[in-house]
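Line order of the protein sequences matches chains A and B.
With my numbering applied, the first sequence corresponds to residues 1 to 203, in that order.
With my numbering applied, the second sequence corresponds to residues 1001 to 1203, in that order.
There are 2 protein chains.
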Amino acid sequence: MSTDQLSSTSYLVLGLLAREGPCTPYDLKRHVAATLGHFWSFPHALLYAEPTRLASIGLATETQEERGRRRRVFTITDAGSHALRAWLERPNREPTELRDPGLLQIFFSDMGPSQTQWTIAREQLAVHRAKLAAYMKDEVLGSGTGSAFGQRTLEQWLSHGLRMAVMYERSAVAFWEDVTVDAVAEEASAAGGVPEDYGKLIA
Amino acid sequence: MSTDQLSSTSYLVLGLLAREGPCTPYDLKRHVAATLGHFWSFPHALLYAEPTRLASIGLATETQEERGRRRRVFTITDAGSHALRAWLERPNREPTELRDPGLLQIFFSDMGPSQTQWTIAREQLAVHRAKLAAYMKDEVLGSGTGSAFGQRTLEQWLSHGLRMAVMYERSAVAFWEDVTVDAVAEEASAAGGVPEDYGKLIA
DNA sequence: GGGTACATGTAATCAGTTACATGATTTA
DNA sequence: TAAATCATGTAACTGATTACATGTACCC
């Protein structure tokens, strides 16, 4: 029953089954969408396939409803819990993957026409500002920006997960603001003018 | 000659061929390793496969050496340049993928023994500090931390690409410091004591 | 000249993604 | 009761990752 070679997806599912109790794939989907899914996409098909795989190696069990939707409900087994804990205690040095298509574009923006950098930066700035605003509306984030002492509720842990994402978005906004300003300055010095909506940038 | 449905990998290769001129897959590999590869992994097998694919749809051409290593050299075609420029001008709203295994662990740390949070945070703090230090040693980053005006050299663009990564690592360090402090406080209040190497944390 | 690191490539596997397809529940 | 949306699942595909395999250049 090799618990080796489990993927991040495996631990995601194991973790959710451990914390939330028995779940249908749809339950998993919703939990993920509300938390990690904001910055680490797990297409729903994955969350239907992965529990099946876990069941096949004994880390979960599967039961199916007789009537109605005939949903499949998955439950973590002792072996599953054990695998999860073992993973939690194992130091993890896999590097963060930061896959940002906007960054890829700006990286090659010198291969395009002169206003390319400016166009990309403006777009990305909008994207990241919107995302940051969306995070801020999620009430789950509201309170504990300072260090929270004492016992931690589930909600606090969820917000804990998102805190990093918020920090990333803040960095991203700052970064794209910088790039935008640079691009404007460059355009100005090259063409002797300033884009019309320059004022909007600083707002 | 549908230039549709090209992946990030495709544009990475097109962009490098456009900027660097004809390249072997190994050339691509080295360029990537020195830049984007720091935070977005592209296994070398990809960089051997992708140019072939591009050649098959007319966005690059392939020539092979007669003698010696019989390397394959790829050159971007006009169609390839066109596809690249079209992509640069197309607004891109695909979200950033932030796949951080450490974050996944901390997200589920309440499923492990009590010191789990502390252990994970310490590990991740070390990882991200090391990465940040490594970035700082790369001379390519040294100078222009402020906004750089005037014309931009290739080196500046490279550093531009990495600047975001540096900001991310800074955020990560701050985040994991926070988590570490939280964990220490929690352990202390729960067990009435403080881990021995607490002092090292603040250093 | 033997070892080591660099360089080049392919093949097989596997995970992630897209697309398809349909049933169940709610709401107008 | 029809439409819309929520929910459930599978199949096919494609791209990413791992593993294998080998050759070349350099260094001791």
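Positions of the beta carbon are idealized from the N, C-alpha and C atoms, including for glycine.
Only a predicted model underlies this, so the values are computations on that prediction, with no experimental measurement involved.
Query raised in the report: Do Phe108 of chain A and Gly1021 of chain B come within 8 Å of each other at the CB atom, strictly closer than that value?
Result: Mapped onto the second sequence, residue 1021 of chain B falls at position 21. Mapped onto the first sequence, residue 108 of chain A falls at position 108. Cβ distance not < 8 Å, so Gly1021 of chain B and Phe108 of chain A don't count as in contact.
Query - Chain-ordered neighbours of Val173 of chain A on chain B, where CB pairs are closer than 7 Å - result: Within the first sequence, numbered from 1, the residue matching residue 173 of chain A stands at position 173. Within chain B, no residue comes near Val173 of chain A; the closest Cβ sits about 10 Å away, beyond 7 Å.
Query raised in the report: Does any residue of chain B bring its CB to less than 8 Å from the CB of Ser7 of chain A?
Result: For this step, residue 7 of chain A is matched to residue 7 along the first sequence. It does not: the Cβ of Ser7 of chain A has no partner Cβ on chain B nearer than 8 Å.
Query - contact_flag[the region 53 to 61 of chain A, the region 69 to 83 of chain A] where n(CB pairs < 8 Å) is 3 or more - result: Between the region 53 to 61 of chain A and the region 69 to 83 of chain A, the count of Cβ pairs shorter than 8 Å is three or higher; the stretches touch.
Query - Contacts that Val13 of chain A makes with chain B (C-beta to C-beta distance below 9 Å) - result: If you number the first sequence from 1, residue 13 of chain A lands on position 13. Per Cβ cutoff of 9 Å: no residues; Val13 of chain A is ~11 Å from chain B at best.
**Report entry** Cβ neighbours of Gly1102 of chain B in the same chain (closer than 6 Å, five flanking residues each side left out)
**Finding:** What you label residue 1102 of chain B is simply residue 102 of the second sequence in a count that begins at 1. If you ignore the 5 residues before and after Gly1102 of chain B, its C-beta comes within less than 6 Å of the C-beta of Gln1124, all in its own chain and listed in chain order.
Requested in this report: Would you please state the rounded distance, in angstroms, between the beta carbons of Trp87 of chain A and Ala183 of chain A? I believe it to be under 8 Å.
Outcome: Counting from 1 along the first sequence, the entry for residue 87 of chain A is found at position 87. Counting from 1 along the first sequence, the entry for residue 183 of chain A is found at position 183. Not confirmed; about 44 Å, so no contact.
Query raised in the report: Quick one: does Pro1025 of chain B have its CB under 8 Å from some CB of chain A?
Result: Residue 1025 of chain B sits at position 25 when you count from the first residue of the second sequence. No - not a single Cβ of chain A is within 8 Å of the one on Pro1025 of chain B.
Query - Residues of its chain near Ala1018 of chain B, where Cβ-Cβ distance is below 7 Å and the 5 sequence neighbours each way are ignored - result: Numbered from 1 along the second sequence, position 18 holds the residue referred to as residue 1018 of chain B. Cβ within range, chain order: Ile1076, Ser1081 and Leu1084.
Report task. Answer with yes or no whether the minimum CB distance from Phe102 of chain A to chain B is below 8 Å. Result -> Locating residue 102 of chain A in the first sequence gives position 102, where the first residue counts as 1. Inspection of the sequence shows that residue 102 of chain A is occupied by Gly rather than by Phe. Yes, Gly102 of chain A lies at the interface with chain B (some Cβ there is under 8 Å from its Cβ).
Query - Delimiting residues of the beta strand (DSSP E) encompassing Thr1061 of chain B - result: Looking up residue 1061 of chain B in the second sequence gives position 61. Residues Ala1060 to Gln1064.
Query raised in the report: Quick one: Cα of Val1032 of chain B to Cα of Leu1046 of chain B, how far?
Result: Here residue 1032 of chain B is taken as the residue at index 32 of the second sequence, counted from 1. Here residue 1046 of chain B is taken as the residue at index 46 of the second sequence, counted from 1. Rounded to whole angstroms, Val1032 of chain B to Leu1046 of chain B spans 11 Å at the Cα level.
**Report entry** Own chain partners of Lys1131 of chain B with C-beta closer than 6 Å, once the 5 adjacent residues on each side are dropped
**Finding:** In the second sequence, residue 1131 of chain B corresponds to position 131, counting from 1. Correct list, in chain order: Glu1169.
Report task. Can you give me the Cβ contacts of Trp1040 of chain B inside the same chain, cut-off strictly under 7 Å, excluding the 5 residues immediately before and after it? Result -> Counted from its first residue, the second sequence places residue 1040 of chain B at position 40. Once the five neighbours on either side are set aside, Trp1040 of chain B has no close Cβ partner at all.
Query raised in the report: Quick one, which residues of the region 84 to 109 of chain A are near chain B if we go by CB-CB under 8 Å, in chain order?
Result: Answer in chain order: Leu84, Arg85, Trp87, Leu88, Glu89, Pro91, Asn92, Arg93, Glu94, Pro95, Thr96, Glu97, Leu98, Arg99, Asp100, Pro101, Gly102, Leu103, Leu104, Gln105, Ile106, Phe107, Phe108 and Ser109.
Query raised in the report: If you run the structure through DSSP and keep just helix, strand and coil, what is Arg71 of chain A?
Result: Looking up residue 71 of chain A in the first sequence gives position 71. Coil.
Report task. Work out the CA separation of Thr1116 of chain B and Glu1187 of chain B for me, nearest whole Å. Result -> The residue given as residue 1187 of chain B occupies position 187 in the second sequence. The residue given as residue 1116 of chain B occupies position 116 in the second sequence. Approximately 10 Å, taken between the alpha carbons.
Query - First and last residue of the uninterrupted alpha helix (DSSP H) at Arg1090 of chain B - result: Here residue 1090 of chain B refers to the residue found at position 90 when the second sequence is read from its first residue. In the DSSP assignment, Arg1090 of chain B falls outside any alpha helix (DSSP H) and carries neither an H nor an E.
Query raised in the report: What residues match up with Ile76 of chain A in a beta bridge as DSSP calls it?
Result: Stepping through the first sequence from its first residue, residue 76 of chain A is reached at position 76. Answer is A:Ala60.
Report task. Please list the partners that Ala18 of chain A has in chain B, where partner means a Cβ-to-Cβ separation under 9 Å. Result -> Here the question's residue 18 of chain A lines up with position 18 in the first sequence. In chain order: Phe1108 and Met1111.
Report task. Using three-state DSSP, classify Leu98 of chain A as helix, strand or coil. Result -> For the purposes of this step, residue 98 of chain A is identified with residue 98 of the first sequence, where counting begins at 1. Reduced to three states, the DSSP call for Leu98 of chain A is strand.
Query raised in the report: Got a sec, what are the start and stop residues for the alpha helix (DSSP H) Asp1110 of chain B sits in?
Result: As a first step, residue 1110 of chain B is located in the second sequence; it is residue number 110 there, counting from the start. It is not in any alpha helix (DSSP H) - Asp1110 of chain B carries neither H nor E in the DSSP assignment.
Query - Host alpha helix (DSSP H) of Ser1008 of chain B (start-end) - result: Numbered from 1 along the second sequence, position 8 holds the residue referred to as residue 1008 of chain B. Taken as a continuous stretch (DSSP letters only), the alpha helix (DSSP H) holding Ser1008 of chain B covers Ser1008 to Glu1020.
Query - Members of the region 34 to 47 of chain A that neighbour chain B once the beta carbon cut-off is set at 7 Å - result: Leu36, Phe39, Trp40 and Ser41
Query - Cα-Cα separation between His1044 of chain B and Glu1050 of chain B, rounded to whole angstroms - result: What you label residue 1044 of chain B is simply residue 44 of the second sequence in a count that begins at 1. What you label residue 1050 of chain B is simply residue 50 of the second sequence in a count that begins at 1. Each residue's Cα considered, the two are about 10 Å apart.
Query raised in the report: Buried or exposed: where does Asp78 of chain A fall if 16 or more other Cβ atoms within 10 Å of its Cβ makes it buried?
Result: As a first step, residue 78 of chain A must be located in the first sequence, where it is residue number 78. Exposed: under 16 other Cβ atoms inside 10 Å.
Query raised in the report: Where Val166 of chain A and Tyr135 of chain A are concerned, what is the direct C-alpha to C-alpha distance, given to the nearest angstrom?
Result: Taking the first sequence and counting its residues from 1, one reaches residue 166 of chain A at position 166. Taking the first sequence and counting its residues from 1, one reaches residue 135 of chain A at position 135. Distance between the alpha carbons of Val166 of chain A and Tyr135 of chain A is about 7 Å.
Query raised in the report: alpha helix (DSSP H) containing Thr119 of chain A: first to last residue?
Result: By one-based count along the first sequence, residue 119 of chain A stands at place 119. That run of the alpha helix (DSSP H) goes Thr116 to Lys137.
Query raised in the report: Among B:Glu1089, B:Arg1090 and B:Pro1025, which has the Cα closest to the Cα of Thr1061 of chain B?
Result: Mapped onto the second sequence, residue 1061 of chain B falls at position 61. Comparing Cα positions, the closest option is B:Pro1025.
**Report entry** Burial state of Lys29 of chain A, where buried means 16 or more other Cβ atoms lie within 10 Å
**Finding:** In the first sequence, counting from the first residue as 1, residue 29 of chain A sits at position 29. Buried, since its Cβ has 16 or more Cβ neighbours within 10 Å.
Query raised in the report: Any idea if Thr1063 of chain B is buried or exposed, counting beta-carbon neighbours within 10 angstroms, 16 or more meaning buried?
Result: Numbered from 1 along the second sequence, position 63 holds the residue referred to as residue 1063 of chain B. Result: exposed.
Report task. Below 8 Å on the Cβ atoms is my guess for Ala1121 of chain B versus Thr1180 of chain B; work out the distance and round it to an integer in Å. Result -> Counted from its first residue, the second sequence places residue 1121 of chain B at position 121. Counted from its first residue, the second sequence places residue 1180 of chain B at position 180. Rounded, the Cβ-Cβ distance is 4 Å, consistent with contact.
Query raised in the report: With respect to the alpha helix (DSSP H) encompassing Leu1028 of chain B, which residues constitute its N-terminal and C-terminal limits?
Result: Translated into the one-based positions of the second sequence, residue 1028 of chain B becomes position 28. Per DSSP, Leu1028 of chain B belongs to the alpha helix (DSSP H) from Pro1025 to Ala1034.
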